[in-house]
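J.: A single structure is presented below for examination.
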């Protein structure tokens, strides 16, 4: 299989590429072994917040990991074993 690339472009208005806005500047890219992996990563990145995308672009993997953590109490409770009575989200 041929390798494939996923990339993020920054538009002239500083938005991250989601549609046609010119000019654009390549701010991040990564090669994947095949197109199916590249498509999976692209779909994942498209669902991310701007803050997460900027952390990826900057290579700030600590911040990226932090932003990946659930910040919403209701989602946290759904993800954890909410059958326990003492289940609480972490305090920040």
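Numbering (the numbering used here), first residue to last: 19 to 110.
Here a beta-carbon is modelled for each residue, glycine too, at the ideal position from N, C-alpha and C.
Once you ignore the five residues that flank residue 110 on each side, which residues in its own chain have a CB closer than 6 Å to its CB?
T.: Since pLDDT at residue 110 reaches only 37, below the 50 mark, its modelled position is unreliable, and the value read off the structure follows with that caveat. No residues qualify anywhere along the chain.
J.: Can a CB atom of chain D be found closer than 8 Å to the CB of residue 19?
T.: In the structure shown, chain D does not exist; there is a single protein chain.
J.: In chain order, which continuous runs of the beta strand (DSSP E) of length 3 or greater are located wholly inside the region 29–59?
T.: For the region 29–59, whole beta strand (DSSP E) runs of length 3 or above, ordered along the chain, are 42–50.
J.: According to DSSP, simplified to helix, strand and coil, what is residue 100?
T.: Any reading at residue 100 must be qualified, since the residue scores a pLDDT of 49, below 50, and its modelled position is unreliable; no value is offered.
J.: Which value, in whole angstroms, describes the spacing of the CA atoms of residue 30 and residue 42?
T.: Approximately 6 Å, taken between the alpha carbons.
J.: Considering just the uninterrupted stretch of the alpha helix (DSSP H) at residue 84, what are its terminal residues?
T.: Element bounds for residue 84: 79–86.
J.: Check the DSSP bridge columns for residue 27 and list the partner residues they point to.
T.: Paired residue(s): 44.
J.: What are the boundary residues of the alpha helix (DSSP H) that residue 65 is part of?
T.: Neither: residue 65 is in no alpha helix (DSSP H) and is coded neither H nor E.
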